[in-house]
Amino acid sequence: MDSSKFLVGTMLKLPSFDEARRHQYKKFWEERGFKFILTDEKMHLARRGAFFKTFFSMSPKYLETKLTASWVNKELECIMEVNLLLQQVTEWHKAFLELEMITFESYMQSDDKKLSLWREFEEDLKDADTKYTWTCGLFGKKMPADKKRKYLGR
1033 MDSSKFLVGT
1043 MLKLPSFDEA
1053 RRHQYKKFWE
1063 ERGFKFILTD
1073 EKMHLARRGA
1083 FFKTFFSMSP
1093 KYLETKLTAS
1103 WVNKELECIM
1113 EVNLLLQQVT
1123 EWHKAFLELE
1133 MITFESYMQS
1143 DDKKLSLWRE
1153 FEEDLKDADT
1163 KYTWTCGLFG
1173 KKMPADKKRK
1183 YLGR
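Residue numbers (this note's numbering): 1033 to 1186.
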């Protein structure tokens, strides 16, 4: 695997990827800041962020991220790709992306956006980013094991 990229993805078995499902899919990712640049019945491509924005903010929402979704054989494959070159990416930022994908699965299957979990996560992320910033990267980069279990289930 290319070490200059971080990938997170999922495969969802769905009965169909009709207009209503495509709308649900696009709505979720647009609410998370993605702009769609290609959409058709079988494939969607979207982007979020820009590498220069990470010089001014530690928010993972500004990481240059590409989202690709393909519909094949009643499965929706959804992959987020972050280019790690020239971007400061901590374990917390990677967890943010993983939690987005976990939330996407939950939303597509049961319309659950895990709002309370996200509130807690964003508070912990903010604390970690503050530590990272004020200690010039000495602290706040690693995500503790108990937080990984709590937010990511691992």
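Just so you know, even glycine gets a beta-carbon here, dropped at the ideal spot from N, CA and C. In this text the structure is predicted, and so the values were computed from the model without any measurement.
For GLU1132, the secondary structure class from DSSP, reduced to helix, strand or coil, is helix.
Nearest Cα to GLY1172 within the set ARG1064, ASP1161, LYS1145, LYS1126: ASP1161. For LYS1098, the secondary structure class from DSSP, reduced to helix, strand or coil, is strand. Residue burial is scored here from C-beta neighbours: VAL1040 has at least 16 other C-beta atoms within 10 angstroms and is therefore classed as buried.
Under DSSP, LYS1045 forms a beta bridge with GLU1107. Under the DSSP assignment, LYS1067 falls in the beta strand (DSSP E) whose first and last residues are 1067-1071.
Between ARG1064 and GLU1132, the gap from beta carbon to beta carbon is short of 8 Å.
Taking each of SER1102, LYS1093, HIS1055, ASP1050 in turn and checking the Cα distance to LYS1074, the smallest one comes out for SER1102. DSSP places ARG1080 in no alpha helix (DSSP H) but in the uninterrupted beta strand (DSSP E) bounded by 1075-1080. The C-alpha of ASN1115 lies about 15 Å from the C-alpha of GLU1130.
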